[in-house]
Every structure is written in C-alpha cells, then in structure tokens.
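Notes to accompany the following structure.
Chains as they are written, first to last, in our numbering: chain E, 490 to 1439; chain B, 871 to 1260.
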C-alpha cells in the first residue's frame, strides 16, 4: 500500500432546489476513488449544507493515485425514488504526489453537471500520505513534475536536459459503444469524461516512468492532445522534454531568473529508455523514402557529421525539444523550419493495449523531421510540436519544429560548467548564422555576412517555430503575420479522398509560405518566430492558417521591396494599373516602416558569394516536405522566378496582392504577436487579461471558387481581429500576446441535420476557437515612462471612486464579512509562461481538464452562443477553482487545446467538448514595483493589483 | 455567409458601463428574448402588444442598443463596423443575463465562482441594477407590490416613457427587497444594506419604498403630483426614525416597517389643544406674540391659526385608523400646505411659524403631553418643510 488518500467533505453552498415542494434540497455526497465509495450523511432541507464529514481514507497503489481522479458526486436524497444527481467534481490528485508541489487541496469547487452546467459549490479537503517505494519494477512515477510551460520554469534551473519523451494511449470512445444507445446522455458524457481523465493520468504516469529511466525528474513543455477519431476510437498522446530540474534557492532566485545570469543547462545525451524497438541512429542517414528534401550529396553528409562530431551527439532517438525558449548560449545556430505532414486513413483500433499503428505513424513522421533537420546541417529540432486534424476517416498528422544546432559543450553528461565557446559568436546574432555548409546548401538561399558581427554568413530570411531569443538584436517592433488559404476539394470517400488531400497539401503549404513571405516583406521584416501552420480538412475544402510573429533581426540583411511585373507590358492601361499597384505597395511598406519603427542602419548591400548561380531568393523553409502515402514529387522552390516579383497575369498573384493589401492596419495603441513576448516592447505593466473567442460561420454559397473562399476566409479573420481591437479598446496601450488561432471545418454529418437550409446551398461551418490571448498594457518607453505610469495609476484610481470606495481597500474588505465566508480568491489566467512584473515562487502542478457539456434545451439557454458562452465561463470557473484549491493564484501557459462543438437545432440540442491545460502557480508581485510586501497571501495581493484587469 | 455563433469570454469579466446601462434601460438582448419567447403563447401577442414589442422583436431591440451606441460615437477612432458593435453588444448582453440571477441576491455575487469580477465592479453592477427611475418609482410608490400592480406596468411604461422591461426590473427589485426585509428584525435601512449590499443612499431610498408599500400611503392623487420621490423618501426617513417601534429601541423584536401602535394611541390626547377653547386661545396668543413683526404674512397667520392648528391636530388624532394613515400626506397638503400656499407664505415663514407653534405648546401649563407632542411635531415640521415647494 504505497499511499493513503484522505478526503473530507466540508460543506456546500448555492445548491439548486431539488425538491419543488419545499424549495429545498436534501443533499449528500458520494466520494469515490477507484472502486471504493464512501458516503456522507444526508443534510436535510438546506441549500447550504454543512456536512463536515469524517476523513474518508482510501488505501491505494500509487499507480492508481496517478491514473485515477477523485470523484465526488453530490446527490439529492429521495426516500421513495432513486436519488437525483446534482453534479460531480473530479479532482486530479497528481499535484499532491510531488513533494515540491501542493501539499493539500482545499477549497470550493463548482459542482458540475454535463447537462445543467454548474450547480452550486462544494468545499472539499484532500490530502495524500505517500510511503516510500523502493521497488525497482514499479509502475508508478510519482514525483515527476510536469510543466506545460515551454521554457525552463522560472523558479528552477535545468541541471540536465535529457530530451524527447512521447507516449500515446488509445481506447474505444464511450460515445460510440453499443451501450450508448441505451444509457442517458449524462451517463455517456460522464463515462467519456472519466475515461479521458483516466487515460491522461495513465499517459502522464507512463511518460513519468520514461523520465525516471532517463534519470530526469521533470517534463517541460508537456503537450497532451486528444484525437477523437469517432468510430475508430480515442487517442490520447503527449510529447514533452525530459529534464533534471534543480529548485533555485529563494535568495538567489531573483538574480537567477534574469536570463542574463542564469546558467545554461547542459545536455545529457542519455539513452532512450523503455521505448520498444527504438530505431538506431543509423537509420537516419538514409533519408528514407519520403525524400522530398533535395537529396543531400555525400560531401554534405560528411561535413554535417564533422560539424556535429567533436563531442559525439549521441542524442536520443529523436533529438527533439518541445521547448521554445532557451537559456542563453543553448542555441548555437538555427537552420529553419522543418515540418512534415502525412495523410492517413483511420481504421478501428483493434487492440487498445498495443497502439502500434498510431505509434508507427508518428514514428514515421518524426523520422522525417529528423532527416529534414539533418539536411539543414542541424542535429536537433527545437520548438517541436505535433498535431492532427480529422475529417471522417481521413486524418492528417502534422509535426513541425525548428532545426537547430545546440551548443555541443552542453551535451556532455554531467558537465554543468558553462564556458563560452571558442568561435564566440556574439549572442545577439550567433543563432542567425547558418549551420549548413554554404557550398552545399540544402536549398537555394542568398547569403550575406552577418550584419551584426560581419564574420559569419547569414541567410536573407529566417523562419522558426520558437520564441525570439531574449538576447537577439532586433530593430523596431514585431507584429502578427497571418497567411490564410482556402482550397476547394471534391467530396470523396476513403482512399480517393486521402489521395486528393495529399495532392493538395504541398500546394497549400507552398502558397501559405508565399503569402507569409510577401507579408513579411510588406512589413519590411526579415524573420518569423513562433510559426504555426494549421491545415484543417473539411468535406469539400481544405483550410490553411499560418500565424507567426514577424521581426526585423538586425543581423539579417534588409528585405528588398516587392516588385510587380506584368506579362504584357505593351498595354498602356495595364501598365497604369500595375504602377498604381506598385505605388500602393511601396506606400504600405513605407507606412509599415514607420508603424513598426523599423529604421535599419543603412548598409552597403554586399551580397557575398552565393555559390548558386541564378540568384534565387528563397528561404530556408524549403526543406519542408510532404510525407504522405501517395505524394507527388514537388519542387518547393519558386523555380526560376524571383520570389519578390509578382506577376500580375498570374491569378495567384492577383490573389496574393489582394490579400496583401486587405490586411487592415492595427488601430493605434495596439500591438499583437503570437509569441510569448512582443519583440521590441519591454515595459510591461502587470495588468493582464485572458480571453477566448469562438466564432462559427456558415457559408451559404455552394459553388464558391478558391478565390471567393479565400476572400471570405481572410475577411473572417480580419473581422475577428477588428472585433478584438474594439472590445479591448479601453486597455490601450496594449499588446495581444500569444494570439493563437485555430480553425476547423466540422463534418458534414453535423450539417446535414439542418434540414431547413435550402437545398441548393452547401453550408459549411468554420469554427475559430481563438484560443487565448492576452492583452497586456504596455507602457511607452523612454522618457515618457514615468508620466505614463502615472496616468495609468490615475485611471485606476478613478475606478476607485465607485459608490462604495471602501470595498476596494483590502483591510476594510476583510472586515466586511459575508454570510458565506471569505471572498473568492482572484486567479489570473494567461497563456504566457510568466506574469509580467511578478515573480513565480512556486509551481503547484499541472492542470489538465476535460469537460463535456450537453443541452437539450438549446433555445432556452440563449441559442448556440448563449450555450457556449456559459460553458466557457464555467470552464474558466472550474480551472480557477482548482488552482485556488491548490493554493495558487494564477495559471500560466494556459491553453484551450480542444473545443469541439456540435449542434442539432431541430432537436434543440447541442454538445461541446473542451480540453484545457496549464500550470498552477503562486506568484508575488515584484516588491519594488508595487508597495506590497511580497509575502501577503496571494489571493489578496492580486485583488489589489486588479486595476489593469478591469 | 452568416455568423452562427460568436462568443467572447474573458477571465476577468469586462463590462462596459454604457452597455450595461442600455441593457438596464431595457434595450433588450436577443438571448433573453429567446428565453422569454418560449413562455409566450403566440396568440397572446395581440393582447400583450407592448409585451410583444419588448420581446418578440428581439433583433431590432439589440439593434436599438447598437444604434444608441453608434450615435454615442463609440466607433470614432476605432476601425470597427456596425457588425463588430453588434457582436460586442450581444456578448455583453449575454454576460449581463448570466449575471442577473446572481444580482437577485447580491451577496452571492461576491462568493460565486462563475464570473471573476473585481469587487469595485461588483459594487457598480449591484448599485446600477438596483437603481431606479424617479418617474417610475413615483408611479408605484405606496401601491401594493402585487401581481395586479405588475400587470398595470405597461400603462406605467407608456406614461413614463420607461421601457416595460426596465419597469419590470425595477418593480421586481422593489418586490424582492420588500419580501426579504419583511421577515427580518432590526433596523430597516441596515437590513437592506446588508442583504443587498447597496450604498447608504440607495438603501435609504429602498427603505422608503418598502415603508410606503407596507403602509400603502396614498401618493397618486392629483394634489400630490408636485411632490417628488425624494420628498417622500425624506418624509419616510423621518417617519421610520421617529414614529416606528424601532425608532426608540433598536433591540425590540419588531422591526420598523410599522408605525408604533401605542404612540398613535397617545396622539389622540393631543386633541385637547383644539377642543379646549382656553388652551387654543392661549396657544394662539403665544404664537402670535412671538411672530409679530417678524413676517409679512403675520396677518394671514393670525387669521388662520385656529384652522391650521385644527388641521394638524386632527391628522394626529386620526392616525390610529389604518385607512387614515394612508391619507397622511394628502391630509397634510390639503389641511395645511394648501392654505398656507394660497396665503403666499414663504419657506421662511413656514419654518418660523412651525417652530413657534411647536415650542409655544410647551408653555401651556394645562397641556401635559409634551413628549408625544414633540415626537409628533418634530416629524410633521420637517415633512411640511420638505413638502412646501411648488
């Protein structure tokens, strides 16, 4: 018995009325863990019951502790009929299993019902006593810490970075089991919630085991995803980066968290652990079957090996890192984005215990990524992520990352001493220098000497999936750049469909890339960070959405302008048309230069020996290839055409230009990016606001052309952004960080249900769960700072002049005792890994929650919007409650991974699934900024600082 | 292409005070309409014309709100369209509708978990939700807060120009507060403040409304039309703090919604001031001596003294009868204020007269009811002074 779980049910409040006659409720609680159930007494006739139960004790294996959630069910006692369920609370006890995280879970939890939503709250206390288990063959991995954060958590130091860990588990989806036909929607939803909770617990435990075998103690950049494959099952998979983390001593903390002084973590090239049949590294040099990359010639290969050989990089099977932000010195060079996609046909998972097919699929993709990285002369992939999109039985698996060279000195096991390496590239530009050999470039690119150090070669553009390194030299400010694309596709089934999709994919990728490139040029920038390309499949269309943050890196050459050329220069009016277009483009470029404050020092354009004769200006991204079962050969480069000459005869080019110019400029006072920090802005206030926005559109016109669709899609995205700017106008100046768009084209199946739509139209839904976004108030820099800060204070103090000013002040508020106890702790939520102007003092554990909500009275709940609005609000409330119960006051690295919405308005029904994750933390304000001593109970601290959040 | 679904949810709830006001003012939102819609029998729409206009024409009502916002110039300086504004308005309306349930018991708002609202925002939400239009409250003041009154709200709405939805909200607020404090012991204002977390001013106003509704004071007569809600609220405050059971002793079990029975009985004794001829003459000469030469209206005061005194003392004597209590204000106006006004007394004259009228009674040796007299006249004096205006 290696563990004892104890739970105590204290009280309930705001319970719903279950007995119409008395307008009261006779509530009692069932506490279940594994197969053991305890019950409290019935607390008769009250909506605010005080059970104050004994401690319910569960003696369990720590394996179960990791897998199972504690399940609390609140019921209404009924003497004559079956007891009615009021709702449930699932508590993940994982945070209690690590000695450094939370020690007790205590607080008010919303009682959640999948049909009715939140119905009152319950106060629960949970503790765990763990006995030491020295069994070498144990199945549990208690104590391994998990972080969603994709950088080294702020109050830790990485002693060793071990490398990539991955795992997936599969199961049958309860929604599709035969029993679902006879059970209630509630029972089905609960079965599903519970199963997913179990599966993610199991997944985490298995990954934890791998980490322990590698000798690590934590997983950073933990990314867990669900694939709802419908009939064929349910897949839960996760990837992460195994590390050995040392907790920083509180005293040195402040100094250490500053990026400049934190010591860089060395690498441990530990062997891959238990993973079955790990393919040996030799496989890689084969650059196997999916060789869409320009096949590397042999001298290149040897060079490549030479480059990385000195301390042999015996990294794990996959030298991948899910981190996007690194300590200084960690990254040596960046090659460029590598990505791979593969189209698969789903089939029923026959044996859930051996998810071999899914494993093999991912294995294949990872191999490909690895070979791409190798082709770029890099031995590692950073900012790595994986995703899927499913439409009926077709599934697209995607993986992407940034090929990089990591400092070989960090790879030596156990060597923690940091020494600057010999060829000392300055940190502000070193990462831009090419890792590959300039005489054997894997793709055509134009090289120049670094504009910063003038010693090494740099490419003309750089695309990456990681965050901008803190030490990078940047000119001006960054901005969000999006490429949007819609392609129609014929309806098809099975293999034919898969073939059609995989034929379209490379073209989409190519066009998205061209768009990104053009938009980048238009903004006079030369690098993209945080690039995320999402491709979604629908019945009869494919959607592509690429988002990234554009930056002008001082080390890279200034981007050239965009030239428009017509094919028939003889026509005079046509010439005129072209020249007006050209003028508009030039004007826009000039305007953007001003807007983003980009004034690069004038340099003599010295193009150094690019060995490639025809000056093809192209980008690193080129190595991206499509891997699918049936893939046509595709040359991803622009061929003979200069990338920045747009030929207007080309319909694509017209489209390009249109999309270039339709991007509305941001209103004054707004900045946006999809990375953690906005390049070029350094003065943050602590004011922070997180929001989620979801939109669904229906396309009415059946016979839309690609162009028409593109226009609609672009407009939708633009409108959404405009809407955000409008809603947040009161927070100006502010920056939308980590702006994360997700698109989906729901299955036709759902749409067919809407019979009242006219026959001749083919309706299509777009879902945009725009996950998350933070807006942060930004202070102007320079001499204005004092003044502006003052004016901010002013605005917040004017808010204080509300009718009851005393409520604002903390001391008075505590005296204002409310009947139902203390006021609710304020919990901040942010997709960033930090909170500006605060210090994270403790990580309390990972939050990973999955909810289903269903309704059979859609109209009464205010239609689809009303339904989803309240559901999202409820999800936020439950996340906050769990964090508060762990003793935390914020969730960092928060993300809404999944938001699946289905409706059937004819039956007045709708269903929605949401998966959220993040890290629960305790933060304190930086004491020098606010006049609050750092160790006040956290909830209170944040209430006083809530000015910015209003 | 049409928008099927459009939501925007924030962690710390953002609320635009201007939109909140529009919502409170009854520019109805779509979600709520759908909500109501299911309860309406379509055939009823003919009968409930105004009901229909409020609920069925939902999209246009939200458009009304959008229009108001556009005219207010929100879009200036933003590159936003009416579409954007519409979506924003809908989002906020939904939030308000979800909050409304909580606003019905404001204490819950502070410890609910669904919305994270900073405390000062909560205060704003509650205060505005419970705020009312003085034109509206003037119409229902003193009326029974019953279903019958609620049915007549469309007339009130038409008369006052306050939307029916807003009328309903205000009426329901009155009723809710009334129901909660009805059962409670202790001081009325304090009870309201604690249970509804209202500001002192608003709590006092609600106390007045509850007090008027409980005692059913007549306020709707034509002669009383010139009085504002604030006049009545002031008078109610005076009555509550001087004439109720709780006025003398807060610890008394009963609460201060009802006038103190014993006191009302004692008031009968004051009749001696007008029934005893000597006492009446004596009182008159004392008052006249004090007033002589101090006011231009002296002659009228002297001539009217007996009438006015009879008026005030008769009001006192009749208060034991519940029916007469209802006419308290109309009596004050008819028996005292109107005669004085027709004699063109100034406010100063009034103050002077009432002061001396009250004080002179103390000098009368045969008049033994000084305490009751003071308790009565103190309130009467301040009420009349408040009510004596055009």
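Every residue, glycine too, gets a C-beta built ideally from N, C-alpha and C.
_Where the segment 958 to 971 of chain B meets chain E: residues whose CB sits under 8 Å from a CB there_ = Of all residues in the segment 958 to 971 of chain B, 958, 960, 961, 964, 965, 967, 968 have a Cβ within less than 8 Å of some Cβ in chain E.
*Compare the C-beta of residue 1342 of chain E with all C-beta atoms of chain B and state if any pair is closer than 8 Å.*
no
*State yes or no: is the beta carbon of residue 1080 of chain E nearer than 8 Å to at least one beta carbon in chain B?*
no
*Buried or exposed: residue 512 of chain E, going by 16 or more other Cβ atoms within 10 Å of its Cβ?*
With fewer than 16 other beta carbons inside 10 angstroms of its own, residue 512 of chain E counts as exposed.
*Does residue 1325 of chain E come within less than 8 Å of chain B when only Cβ atoms are used?*
no
*Classify residue 992 of chain E as helix, strand or coil using the three-state DSSP reduction.*
helix
_Within-8 Å CB hit, residue 1446 of chain E to chain B_ = Chain E is shown from 490 up to 1439; residue 1446 of chain E falls before or after that span and cannot be answered.
*What distance in whole Å lies between the Cβ atoms of residue 827 of chain E and residue 952 of chain E, which are believed to be in contact at a cut-off of 8 Å?*
No, residue 952 of chain E and residue 827 of chain E are not in contact; Cβ-Cβ is about 10 Å, not under 8 Å.
*Skipping 5 residues on each side, what residues in its chain have a beta carbon closer than 8 Å to that of residue 657 of chain E?*
692, 724, 725, 726, 727, 844, 847, 848, 851
_On the DSSP letters alone, give me the boundaries of the beta strand (DSSP E) that residue 1350 of chain E sits inside._
Unbroken run through residue 1350 of chain E: none, as it is neither H nor E.
_Terminal residues of the alpha helix (DSSP H) in which residue 556 of chain E lies_ = 551 to 556
*asked:* Any beta carbon of chain B sitting closer than 8 Å to that of residue 610 of chain E?
replied: Look at residue 610 of chain E: its C-beta is under 8 Å from a C-beta on chain B.
*Classify residue 645 of chain E as buried or exposed, calling it buried when 16 or more other Cβ atoms lie within 10 Å of its own Cβ.*
buried
*Under 8 Å Cβ-Cβ, which residues of chain E neighbour residue 1075 of chain B?*
Within chain E, no residue comes near residue 1075 of chain B; the closest Cβ sits about 13 Å away, beyond 8 Å.
*Going along the segment 1176 to 1187 of chain E in order, which residues come within less than 8 Å of chain B, judged by CB to CB distance?*
Of all residues in the segment 1176 to 1187 of chain E, 1178, 1179, 1180, 1181, 1182, 1183, 1184, 1185, 1186, 1187 have a Cβ within less than 8 Å of some Cβ in chain B.
*Specify whether the segment 629 to 640 of chain E and the segment 517 to 526 of chain E touch according to this definition: at least 3 beta carbon pairs, one from each stretch, less than 8 Å apart.*
no
*residue 682 of chain E lies in the alpha helix (DSSP H); which residues open and close that run?*
Per DSSP, residue 682 of chain E belongs to the alpha helix (DSSP H) from 674 to 703.
*Exposure label - residue 722 of chain E; buried when at least 16 CB within 10 Å*: buried
*Check the Cβ-Cβ distances between residue 953 of chain B and every residue of chain E, and say whether any is below 8 Å.*
yes
*Under a three-way DSSP split, which group does residue 1223 of chain B fall into?*
Helix at residue 1223 of chain B.
_Given this structure, state the Cα-to-Cα distance separating residue 1324 of chain E from residue 918 of chain E, to the nearest angstrom._
27 Å
*Using a Cβ-Cβ distance under 8 Å, would residue 1030 of chain B count as near chain E?*
no
*Are three or more beta carbon pairs between the segment 1099 to 1115 of chain B and the segment 1024 to 1035 of chain B nearer than 8 Å?*
no
*Compare the C-beta of residue 1320 of chain E with all C-beta atoms of chain B and state if any pair is closer than 8 Å.*
no
*Which ranges does the beta strand (DSSP E) cover as unbroken runs of at least 3 residues, wholly within the segment 946 to 992 of chain B, from first to last along the chain?*
Inside the segment 946 to 992 of chain B, DSSP marks no whole beta strand (DSSP E) run of 3 or more residues.
*Determine, using beta carbons only, whether residue 831 of chain B comes closer than 8 Å to chain E.*
With chain B represented from 871 up to 1260, any question about residue 831 of chain B goes unanswered, as that position is not in the structure.
*Using DSSP with H/G/I as helix, E/B as strand and the rest coil, what is residue 1400 of chain E?*
In the structure shown, residue 1400 of chain E sits in a strand (DSSP, three-state: E or B).
_Completely contained alpha helix (DSSP H) runs for the segment 1323 to 1374 of chain E, where each covers 4 or more residues_ = 1352 to 1374
*asked:* Just to make sure I have the definition right: I need the residues of chain B whose C-beta is within less than 7 Å of the C-beta of residue 1202 of chain E. Which are they?
replied: Ordered by position in chain B, no residue passes the 7 Å Cβ test against residue 1202 of chain E, which lies about 10 Å from the chain.
*Using the Cα positions of residue 1170 of chain B and residue 1179 of chain B, report the straight-line distance between them to the nearest angstrom.*
Per the coordinates, the alpha-carbon of residue 1170 of chain B lies some 14 Å from the alpha-carbon of residue 1179 of chain B.
_Could you compute how far the alpha carbon of residue 501 of chain E sits from the alpha carbon of residue 542 of chain E?_
Whole-angstrom Cα-Cα distance: 12 Å.
*Work out the CA separation of residue 1000 of chain E and residue 1132 of chain E for me, nearest whole Å.*
Note that residue 1132 of chain E has pLDDT 42, beneath the 50 cutoff, so the model's placement of it is unreliable and no number is given.
*For the segment 971 to 1004 of chain B, which residues have a beta carbon sitting closer than 8 Å to at least one beta carbon of chain E?*
977, 978, 980, 981, 982, 983, 984, 985, 986, 988, 989, 990, 991, 992, 993, 994, 997
*Return the chain-ordered list of same chain residues with a C-beta closer than 7 Å to the C-beta of residue 1364 of chain E, the five sequence neighbours on each side being excluded.*
1340, 1403, 1405
_Can you give me the C-alpha to C-alpha distance between residue 1187 of chain B and residue 1141 of chain B, rounded to a whole angstrom?_
Between residue 1187 of chain B and residue 1141 of chain B, the C-alpha separation is close to 7 Å.
_Using DSSP's beta-bridge definition, name the partner residues of residue 1041 of chain E._
E/964
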